[in-house]
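*Asks:* Structure below; questions to follow.
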């Protein structure tokens, strides 16, 4: 258990240690049943119990009403990029805000599969409501609440007169969300919720079941809604791990506490950047700075490798920026402790002093 | 570690105990790196190493040539039911042999997405080559090598003049297969390979990349072939577990040894059934009896619950038949030991004597 690093990975990312420890303990014999959770039928009473409890905990954490279906899928955000238009575009035009890598990918996939347009395009910030140019036949408006690669968050939920759909992969479970304003929310699990290979979808029930006959069965949300996500074998271990994460979250104080912590953690890092006299820079508009992914550059890029090596020697891992944008990125999801963030901030200050 | 049951689950199903034990040991700190395999970027050198080693071991186990791409996907067999026609049907007609629950589901999905016909339909056995009526414009012939629910296997690989595609979900890694006869083979991992949430696809490289522009990116095999299955985040933990399973398989003697064992294990159970004077029955034509899923009925169905309870008291679990067909089913995948099968056979004999 010892010698764990401070892990700032962007996803798959840090998980709560007690969750990993419990999974290890139960790995060969789950609750005395004589078999691993990995060896158990998804239709067994035990597994169905875990599944339902996980849905219930998510509903409790976010305050989700019974008008919504909570579903567990596979395929990650990228499969959602296809499922959203296939299920919601109908005869209208899909409208996308593009302000980073992930919203752009989602738009391109929608454009491939149907009629789609960009309602607003911004860099280094989220668009404001005033900037959104929705087409008259808009079937939905789509945005990515937190751009993981670019480190940009929406400071407020957009107000639009059409169905609202959001990719919340990287800020899921980190802040309160009025779910009833949305037609659909999805999130890849591998940031704040559980292992890679699981995707959560929260969708308003009355909007499902309107796909064309030519939609693959597994790309129709209705397939999952009608079967408690068990039309086929779900990723059982990933759901089990997410169940343990939900228990941990509730014990730690729920979403309100996570929101408080993420503000404190991100503020410390942005303060360190802003007070570095330009040694470190973050180019995101201040009110749109992500609380999950703090991206920054060293003014002197020649120091990048030295900075990364020094971090490693202090047990600080995975702070290299995404290969598309370069620089540095500290992802500070729920399982990343204040202690880890303080270690990084201290190191950044020391490094800036040493290389000023 | 003690008190493990004899687990005859059909999938998710028994895994080798040494694999589970290693996963438990490494759960909080993989090989001293200070983080769990669950917390590691899929683009890290360590994870890419695990991925490539797993592909290499599969190639070694089956003797797969470099003409084939080995890919790791999500979505299970059901997503393959859609991907196969979307990638291979083109302007022709898809041809399906339907001889059980799974081949029928695959056919229905192909019919939904394109032009498809049934080349042969049989019950309680696989069709022979003579019985296959392929359409003149057949783009491919599809069959399910082992029908998990019905307990039926193909005694030989069909010989057809068109592209051959097979669902080998439930007999994957249990017998030698001349892969070079196939255009594509797929298998859900949760029987012989690893955790639910992972699907293996082995496809002839030159046949990929022929989908229509309207195919969702994640439903195009080319997307995976071009990116080492990492166009997006793959199910990293499931791939890691499958890596451990491959190591175990190679250590145990590879596919030849698994084939030998599966013949011995299934023979013992069928012998027990056939020598029970009709107390137990199996209705599958003898040369088509599955070596993975031994289905049987008690002549007196009123004894079903007593039979299941008695099994439980002897640590024999998960032998209830699939809800569609009822009766009993013992799934005896690679991780189910001869000891477990002997315990079941002994119990069956004793039970038949006691209730004759």
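Chains as they are written, first to last, in the working numbering: chain A, 38 to 393; chain B, 38 to 393.
Cβ coordinates follow ideal geometry from the N, Cα and C atoms, glycine included.
#1: Between residue 146 of chain A and chain B, is there a C-beta pair that is closer than 8 angstroms?
#2: Report yes or no: do the segment 158-177 of chain A and the segment 228-242 of chain A share at least 3 C-beta pairs separated by less than 8 angstroms?
#3: I believe residue 191 of chain A touches residue 121 of chain A by the beta-carbon criterion, under 8 angstroms. Please report the beta-carbon distance rounded to the nearest angstrom.
#4: Chain B partners of residue 50 of chain A, CB-CB under 8 angstroms?
#5: Inspect the beta-carbon positions of residue 65 of chain A and residue 57 of chain B and report whether they are closer than 8 angstroms.
#6: Is residue 271 of chain B closer than 8 angstroms to residue 392 of chain B when the C-beta atoms are compared?
#7: Of the choices B/50, B/184, B/40, B/379, whose alpha-carbon is the least far from that of residue 230 of chain B?
#8: Count the other CB atoms, across all protein chains shown, that sit within 10 Å of the CB of residue 215 of chain B; report buried if there are 16 or more and exposed otherwise.
#9: Should the segment 132-149 of chain B be called in touch with the segment 180-189 of chain B, which here means at least 3 C-beta pairs below 8 angstroms?
#10: For residue 83 of chain B, collect the residues of the same chain with a Cβ closer than 7 angstroms to its Cβ; drop the 5 residues on either side in sequence, then sort them by chain order.
#11: Under 9 angstroms between beta-carbons, which chain B residues line up against residue 365 of chain A? List them in chain order, please.
#12: What whole-angstrom Cβ distance do residue 189 of chain A and residue 203 of chain A have, given they're in contact under 8 angstroms?
#13: Let me know the beta strand (DSSP E) ranges lying completely inside the segment 137-187 of chain B, each 3 residues or longer, listed in chain order.
#14: Any beta carbon of chain A sitting closer than 8 angstroms to that of residue 251 of chain B?
#15: Determine which residues share a DSSP beta bridge with residue 203 of chain B and list them.
#16: Since residue 113 of chain B and residue 368 of chain B should fall inside the 8 angstroms C-beta cutoff, what is the C-beta to C-beta distance between them, to a whole number of angstroms?
#17: List the residues of chain B that residue 273 of chain A touches, going by C-beta distances under 9 angstroms, in chain order.
#18: Just the C-alpha distance for residue 295 of chain A and residue 284 of chain B, rounded to the nearest angstrom, thanks.
#19: Using three-state DSSP, classify residue 268 of chain A as helix, strand or coil.
#20: Please check if any C-beta of chain A sits within less than 8 angstroms of the C-beta of residue 41 of chain B.
#21: Could you tell me which of A/45, A/166, A/59 sits nearest to residue 278 of chain A, measuring between CA atoms?
#22: DSSP on residue 379 of chain A, reduced to helix/strand/coil?
#23: Helix, strand or coil: how does DSSP classify residue 235 of chain B here?
#24: For the candidate residues A/175, A/224, A/382, A/252, whose alpha-carbon lies nearest to that of residue 185 of chain A?
#25: In whole angstroms, what is the alpha-carbon distance linking residue 304 of chain B and residue 318 of chain B?
#26: Considering only their Cβ atoms, is the gap separating residue 91 of chain A from residue 276 of chain A smaller than 8 angstroms?
#27: Which residue's Cα is closest to the Cα of residue 219 of chain B: B/105, B/313, B/141, B/127?
#28: Please determine, among A/334, A/300, A/329, the residue with the shortest C-alpha to C-alpha distance to residue 316 of chain A.
#29: According to the neighbour-count rule (16 or more other Cβ atoms, all chains shown, within 10 Å of its Cβ), is residue 119 of chain A buried or exposed?
#30: Quick one, are the C-beta atoms of residue 211 of chain A and residue 328 of chain A less than 8 angstroms apart?
#31: Helix, strand or coil for residue 106 of chain B, going by three-state DSSP, please let me know.
#32: What residues in its chain sit with their C-beta under 7 angstroms from that of residue 364 of chain A, if we drop five residues either side in the sequence?
#33: Indicate the three-state DSSP secondary structure (helix, strand or coil) for residue 94 of chain A in the structure shown.
#34: Is there a Cβ of chain D sitting closer than 8 angstroms to that of residue 268 of chain A, yes or no?
#35: At a Cβ threshold of 8 angstroms, is residue 64 of chain B touching chain A?
#36: Which chain B residues sit within Cβ distance under 8 angstroms of residue 79 of chain A?
*Replies:* Once the coordinates are examined:
#1: Chain B, which has a Cβ nearer than 8 angstroms to the Cβ of residue 146 of chain A, makes this yes.
#2: Taking a cut-off of 8 angstroms for Cβ pairs, the segment 158-177 of chain A and the segment 228-242 of chain A do not touch, as fewer than three such pairs fall below it.
#3: Rounded to whole angstroms, the Cβ separation of residue 191 of chain A and residue 121 of chain A is 17 angstroms, and the two are not in contact under 8 angstroms.
#4: Residues of chain B passing the Cβ test: 76.
#5: Against a cut-off of 8 angstroms, the Cβ pair of residue 57 of chain B and residue 65 of chain A comes out as a contact.
#6: Contact: no.
#7: Considering only alpha carbons, the answer is B/50.
#8: Residue 215 of chain B is exposed by the Cβ-count criterion.
#9: Yes: at least three Cβ pairs fall under 8 angstroms.
#10: These residues qualify, in order along the chain: 70, 77.
#11: Under a criterion of Cβ atoms nearer than 9 angstroms, no residue of chain B is adjacent to residue 365 of chain A; the nearest Cβ is some 15 angstroms distant.
#12: In this structure residue 189 of chain A is not in contact with residue 203 of chain A, their Cβ atoms being roughly 14 angstroms apart against a cut-off of 8 angstroms.
#13: Runs found: 153-158, 175-181.
#14: Residue 251 of chain B counts as touching chain A.
#15: Looking at the DSSP assignment, residue 203 of chain B forms a beta bridge with B/180, B/222.
#16: With 8 angstroms as the limit, residue 113 of chain B and residue 368 of chain B do not qualify as a contact, their Cβ atoms being about 17 angstroms apart.
#17: Proximity of chain B to residue 273 of chain A at the Cβ level (cut-off 9 angstroms) is accounted for by 49, 227, 232, 233, 234, in chain order.
#18: Answer to the nearest angstrom: the Cα atoms are 40 angstroms apart.
#19: Of the three classes helix, strand and coil, the one that applies to residue 268 of chain A here is coil, per DSSP.
#20: Residue 41 of chain B counts as touching chain A.
#21: Nearest neighbour of residue 278 of chain A by Cα position, chosen from A/45, A/166, A/59, turns out to be A/59.
#22: Three-state result, residue 379 of chain A: helix.
#23: Coil at residue 235 of chain B, not helix or strand.
#24: For the residues A/175, A/224, A/382, A/252, the minimum Cα distance to residue 185 of chain A belongs to A/224.
#25: Those two C-alpha atoms are separated by around 14 angstroms.
#26: Yes.
#27: In terms of CA proximity to residue 219 of chain B, B/105 leads the group B/105, B/313, B/141, B/127.
#28: Residue 316 of chain A has its Cα closest to that of A/334, out of A/334, A/300, A/329.
#29: In this structure residue 119 of chain A is buried. Its beta-carbon is surrounded by 16 or more other beta-carbon atoms within 10 angstroms.
#30: Contact flag set, yes.
#31: Note: residue 106 of chain B maps to strand in three-state DSSP.
#32: Within the same chain, residue 364 of chain A has close Cβ partners 332, 333, 334, 358.
#33: Here DSSP, grouped into helix, strand and coil, assigns residue 94 of chain A to helix.
#34: The structure shown has no chain D; the protein chains it does contain are A and B.
#35: Yes, because at least one Cβ of chain A sits closer than 8 angstroms to the Cβ of residue 64 of chain B.
#36: What residue 79 of chain A touches in chain B, judged by beta-carbon distance under 8 angstroms, is 49, 233, going in chain order.
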